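Read the structure below first, then the notes.
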Amino acid sequence: MGTAERRCSRCERVLLWVVLVAAWDAAWGQLRYSVPEELPKGSFVGDVENDLGLELPVLRDRGVRVVSEGRTQYFALHGKTGHLMTAERIDREQLCRLVEKCVLRCEVIVEEEMKVYKIEVEITDINDNAPSFRQAEKELRMSEMTAPGSRFTLAEAHDPDAGPNSLQRYELSGDEHFSLAVQTGPSGDQRPELVLAKALDREEAGFHELVLKASDGGEPARTGTVRIRVVVLDANDNAPVFSQGEYTVRVPEDVPVGSVLVTLTASDADEGQNGHVKYIFHKISDRASELFHLDSETGEISLKDDLDFEEIATHELEVQAHDGGELSDTAKIAIMVTDVNDNAPEISVRSALNEISEDATSGTVVALLHVQDRDSGANGQVRCSISESLPFRLEKTFEDYYRVVTVGELDREKVSEYSLTVQAMDGGSPAMQSSAVLVLRVLDVNDNAPVFSEAGYSARLAENNAAGALVLTVRALDADWGQNARVRYRLSEGWVKGAPLSSYVSVQAETGALYALRSFDYEEVREVRLWVWAEDGGAPALSSNVSVLLEIVDENDNAPQVLYPPAAAPSAAVSGWSGVELAPRSAEPGALVAKVVAVDADAGQNAWLSYELAKATEPGLFRVGLHSGEVRTARFPLARDAARQSLVVVVKDHGRPALSATATLTVVLAESVAELLSELGSVAAAPGEPATSLTRWLVLAVAAVSCLFLAFLLLLLALRLRRWRHSQLLAASGSAALRGVPASQFVGIDGVRAFLHSYSHEVSLTADSRKSHLRLSSGSCCDTLPARPPPDEPAPLLGADPTTTSRQPQPNTDWRFSQTQRPGTSGSQNGEEGGAWPNNQFDTEVLQAMILASANEAADGNSTLGGGTGTMGLSARYGPQFTLQHVPDYRQNVYIPGSTATLTNAAGKRDAKNAGASGGNKKKSGKKEKK
Numbered sequence: 016m017g018t019a020e021r022r023c024s025r026c027e028r029v030l031l032w033v034v035l036v037a038a039w040d041a042a043w044g045q046l047r048y049s050v051p052e053e054l055p056k057g058s059f060v061g062d063v064e065n066d067l068g069l070e071l072p073v074l075r076d077r078g079v080r081v082v083s084e085g086r087t088q089y090f091a092l093h094g095k096t097g098h099l100m101t102a103e104r105i106d107r108e109q110l111c112r113l114v115e116k117c118v119l120r121c122e123v124i125v126e127e128e129m130k131v132y133k134i135e136v137e138i139t140d141i142n143d144n145a146p147s148f149r150q151a152e153k154e155l156r157m158s159e160m161t162a163p164g165s166r167f168t169l170a171e172a173h174d175p176d177a178g179p180n181s182l183q184r185y186e187l188s189g190d191e192h193f194s195l196a197v198q199t200g201p202s203g204d205q206r207p208e209l210v211l212a213k214a215l216d217r218e219e220a221g222f223h224e225l226v227l228k229a230s231d232g233g234e235p236a237r238t239g240t241v242r243i244r245v246v247v248l249d250a251n252d253n254a255p256v257f258s259q260g261e262y263t264v265r266v267p268e269d270v271p272v273g274s275v276l277v278t279l280t281a282s283d284a285d286e287g288q289n290g291h292v293k294y295i296f297h298k299i300s301d302r303a304s305e306l307f308h309l310d311s312e313t314g315e316i317s318l319k320d321d322l323d324f325e326e327i328a329t330h331e332l333e334v335q336a337h338d339g340g341e342l343s344d345t346a347k348i349a350i351m352v353t354d355v356n357d358n359a360p361e362i363s364v365r366s367a368l369n370e371i372s373e374d375a376t377s378g379t380v381v382a383l384l385h386v387q388d389r390d391s392g393a394n395g396q397v398r399c400s401i402s403e404s405l406p407f408r409l410e411k412t413f414e415d416y417y418r419v420v421t422v423g424e425l426d427r428e429k430v431s432e433y434s435l436t437v438q439a440m441d442g443g444s445p446a447m448q449s450s451a452v453l454v455l456r457v458l459d460v461n462d463n464a465p466v467f468s469e470a471g472y473s474a475r476l477a478e479n480n481a482a483g484a485l486v487l488t489v490r491a492l493d494a495d496w497g498q499n500a501r502v503r504y505r506l507s508e509g510w511v512k513g514a515p516l517s518s519y520v521s522v523q524a525e526t527g528a529l530y531a532l533r534s535f536d537y538e539e540v541r542e543v544r545l546w547v548w549a550e551d552g553g554a555p556a557l558s559s560n561v562s563v564l565l566e567i568v569d570e571n572d573n574a575p576q577v578l579y580p581p582a583a584a585p586s587a588a589v590s591g592w593s594g595v596e597l598a599p600r601s602a603e604p605g606a607l608v609a610k611v612v613a614v615d616a617d618a619g620q621n622a623w624l625s626y627e628l629a630k631a632t633e634p635g636l637f638r639v640g641l642h643s644g645e646v647r648t649a650r651f652p653l654a655r656d657a658a659r660q661s662l663v664v665v666v667k668d669h670g671r672p673a674l675s676a677t678a679t680l681t682v683v684l685a686e687s688v689a690e691l692l693s694e695l696g697s698v699a700a701a702p703g704e705p706a707t708s709l710t711r712w713l714v715l716a717v718a719a720v721s722c723l724f725l726a727f728l729l730l731l732l733a734l735r736l737r738r739w740r741h742s743q744l745l746a747a748s749g750s751a752a753l754r755g756v757p758a759s760q761f762v763g764i765d766g767v768r769a770f771l772h773s774y775s776h777e778v779s780l781t782a783d784s785r786k787s788h789l790r791l792s793s794g795s796c797c798d799t800l801p802a803r804p805p806p807d808e809p810a811p812l813l814g815a816d817p818t819t820t821s822r823q824p825q826p827n828t829d830w831r832f833s834q835t836q837r838p839g840t841s842g843s844q845n846g847e848e849g850g851a852w853p854n855n856q857f858d859t860e861v862l863q864a865m866i867l868a869s870a871n872e873a874a875d876g877n878s879t880l881g882g883g884t885g886t887m888g889l890s891a892r893y894g895p896q897f898t899l900q901h902v903p904d905y906r907q908n909v910y911i912p913g914s915t916a917t918l919t920n921a922a923g924k925r926d927a928k929n930a931g932a933s934g935g936n937k938k939k940s941g942k943k944e945k946k
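Residue numbers for the sequence shown follow this note's numbering, so the first one is 16 and each next one is one higher.
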């Protein structure tokens, strides 16, 4: 009972001391606790909530946590009670093997406030380890000559506990020849020695059995034993002696494995086996036995494993030198490990923010860092730095703690995420460094208004567009993120032609597309100016606007409108315009008669107008300016030109497709107003004949041509009948001479009697009055100069087809016209030139008069006989180009200009041999007709 009461009293005093110390240190921001080792996991260490003055909600809401040095976390904070608890089982001997006072350190970090509270927990020892010897048995060899009082060093026991629980005493039992002596070393350690109390006698006892017991001071005490066997040998006079009592060696911690650190030397004056020295470790720690190797023959101590200054800086060893007689000497070896810069600084992120708002104030703590270097001296001095280009800086708080704080303002639109690299460099040579990367995302704040991609927008929209047509798309970008960057569009209020702007155009809120809600008319609205607003989704929302100009593009949807001449009366029932203008018959070409004035409601090319004359009573009399619309005379008016001229002017624009309008002008060719009024009166008297009725004129023209053609057929039939009858009369009378022709058939031309012929002409009328032609029809001539038929052949009918008659004989080539002969009177002709036919001057004149009469008749009939094709070059005016060389041989078929009628020679049968020459003349005549 007394022992239990004493333990309780001692525990109470320890706890009271711990509480007082904790209260004192808490005032300075640091807590100290003390707990015994080997406590189970979850054991109470201290009340952090009360000691730091924190409240339980703070511990839960502000991210309070405990961080321990090293990889193993031995302590944790209980979230419900605020107590510091053990997180692992703590073994003092394992953590603080060579340290008398074992203290574990940890920090309590309040992440929201970026505050750190240091806690030191001392681990007190309990008697959980018994003293132990390295070997369970020990054998000593002693000569029987060993003097009493001699001392022999024994192996020391090892107890990892500290204080009263560590090794306290040794006890020896087993034989009266030996006793135990305990020496106290400089550090307070106990060194047992075996003392020979009584001389040995090998013959009496060859060996002695002893037991050495080591006890600690715990309650209850723990003990450890080793059996010592002493073997009695023959006499050995000299013991080995080391050259030095103590060896001190300094080696760097990076010395290679296998290196010889020190060589021990011991000498023995004996000879033979008694002088042979061997080396063994007498005292060595467990860690030292893993690091060092002793060569028993040479005494070399070499390195088996890497040294670590940060783990153990000094190793103390004891080595014995034994000779063959088991005499020995002991030497101490101290191996001092010097520090080498072999450890880079270690950066531990105790607390850090992952996100920060871009409007955070300068000096906001974003991370808490712990930096340490396991090296010592200059090798363990660490300098931390961060890039100066970043808006952050490092501040040292206390000891090895740093915090990263903001400097200046953050802008997410410029940098949305920061990658902070914290570098730590020690002072070694060469220096070693390490780094830690902190990733910090900047949260967006609605500090940017939407910005349109263009300073102003403009679009062109063709008029008559379909309702709902896309006009253009405006786009605004917001440099913010998320909801703050979501842009919506709307139109500002406005009016267009007295109507709300929203009835003309609309904008899609999400895309910014502008649509036309109605069809635009360029003639009503030519442009629409509006403002589009872009607003983001922030709170409060930011907005901006941009101007939009919508230009309506003209289309050719309006035909030209004629302003002058004025519009015709509705009773006229005529499309277009009508007007009356006066043009004197003495007007020169180019004289201005009238001007057509027209406008177009369209614009641009669609309103460019051009004028052209579509129809005129006299097409060549007037012309219209292409762009001016001025009506001018193109030539001198002629007497045959109608007094009233009707002009139709077409006005066209330049659109695609082009639209047009017509204007009708009535131009009266008159020299005075009276004539004009008279002409206008005649026009008024015939209101039933509209000037522009083209169909009526066409019908009348067709009817006139039909009547003329019918009359021509009747006349041709009458002429045929008459000539047939006349030929019958001639045949009955039997007269073939020209004298038999009644005198009434001859008329005088310039005093010369010419033979008259009747010709039938084919009248060819065209729609163009200017190009009406009167030409002689091929084979239409019905009069010939008949040759006298032979007695056995009937006379051919007058006007019959030559191909149906008998073959004509070839003419006689002896008779020719001379080049000097020209048509004229009978007195001007040379009648003395010989020939078979004609045989007198009168017949020659008759032939010439016939040809001249034919040309004159063609000229008087306004035909093309004089200069047209097939006229042999005869001119209506009998120009000098006509010569007798153009007249065919009278003995051949005589060609009448404009006709295929021939003059036949009855005597031509005698000259049939000249048919080739006749064919050549006919071919030549055909070529001229083609011209």
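Here a beta-carbon is modelled for each residue, glycine too, at the ideal position from N, C-alpha and C.
A quick note: this is a predicted structure, and the numbers were derived from the prediction, not measured.
Where the beta strand (DSSP E) containing residue i begins and where it ends
{"i": "Asn560", "result": "558-568"}
{"i": "Val460", "result": "Where Val460 is concerned, there is no enclosing beta strand (DSSP E), given that its DSSP letter is neither H nor E."}
{"i": "Gln205", "result": "205-211"}
{"i": "Gln438", "result": "432-441"}
{"i": "Arg503", "result": "503-506"}
{"i": "Asp11", "result": "Residue 11 is absent from the model: the chain starts at 16 and stops at 946."}
{"i": "Leu529", "result": "528-531"}
{"i": "Gln387", "result": "380-387"}
{"i": "Trp496", "result": "From DSSP, Trp496 is part of no beta strand (DSSP E); its letter is neither H nor E."}
Nearest neighbour of residue i, chosen from the options [CA to CA]
{"i": "Ala481", "options": "Gly513, Trp496, Leu532", "result": "Leu532"}
{"i": "Gly619", "options": "Gly670, Val666, Ala657, Gln660", "result": "Gly670"}
{"i": "Pro267", "options": "Thr353, Ser317, Phe222", "result": "Thr353"}
{"i": "Arg107", "options": "Asp176, Arg408, Gly635", "result": "Asp176"}
{"i": "Cys121", "options": "Gln150, Lys130, His308, Val81", "result": "Val81"}
{"i": "Pro271", "options": "Glu286, Arg505, Phe307", "result": "Phe307"}
{"i": "Glu186", "options": "Pro179, Gly178, Asn180, Gln205", "result": "Gln205"}
{"i": "Val639", "options": "Val614, Gln660, His192, Val665", "result": "Val665"}
{"i": "Gly9", "options": "Asp357, Glu325, Ser258", "result": "The question about residue 9 has no answer, for the chain in this structure spans 16 to 946."}
{"i": "Glu169", "options": "Phe296, Asp269, Ala673, Val577", "result": "Contrary to the premise, residue 169 reads as Leu rather than Glu in this sequence. The candidate whose alpha carbon is nearest that of Leu169 is Phe296."}
{"i": "Arg302", "options": "Met351, Arg503, Arg112, Ser742", "result": "Arg112"}
{"i": "Pro555", "options": "Glu508, Leu565, Ser450, Asn499", "result": "Asn499"}
In DSSP terms, what residue i is bridged to
{"i": "Leu409", "result": "Val419"}
{"i": "Gln660", "result": "Val682"}
{"i": "Gln259", "result": "Paired residues: none, contrary to the question."}
Inter-residue spacing [alpha-carbon to alpha-carbon] between residue i and residue j
{"i": "Val50", "j": "Ser165", "result": "47 Å"}
{"i": "Ser83", "j": "Thr526", "result": "56 Å"}
{"i": "Arg408", "j": "Val381", "result": "10 Å"}
{"i": "Gln387", "j": "Thr345", "result": "42 Å"}
{"i": "His337", "j": "Lys298", "result": "15 Å"}
{"i": "Thr379", "j": "Lys319", "result": "52 Å"}
{"i": "Leu425", "j": "Glu469", "result": "28 Å"}
{"i": "Lys667", "j": "Glu478", "result": "21 Å"}
{"i": "Asp283", "j": "Val277", "result": "20 Å"}
{"i": "Val511", "j": "Glu538", "result": "14 Å"}
{"i": "Leu728", "j": "Leu744", "result": "25 Å"}
{"i": "Leu119", "j": "Val226", "result": "40 Å"}
Endpoints, the alpha helix (DSSP H) within which residue i is located
{"i": "Leu67", "result": "63-67"}
{"i": "Glu108", "result": "107-110"}
List, from N- to C-terminal side, the beta strand (DSSP E) runs of 3 residues or more that fit wholly inside the segment 284-356. Fully enclosed beta strand (DSSP E) runs of no fewer than 3 residues occupy 293-298, 307-309, 315-318, 329-337, 343-353 of the segment 284-356, in order along the chain.
For the segment 114-201, which segments carrying the beta strand (DSSP E) assignment without a break, of at least 3 residues, lie completely within its bounds, in sequence order? Counting only runs of at least 3 residues, the segment 114-201 fully encloses the following beta strand (DSSP E) elements, listed from N- to C-terminal order: 117-125, 130-139, 152-158, 166-168, 182-188, 193-199.
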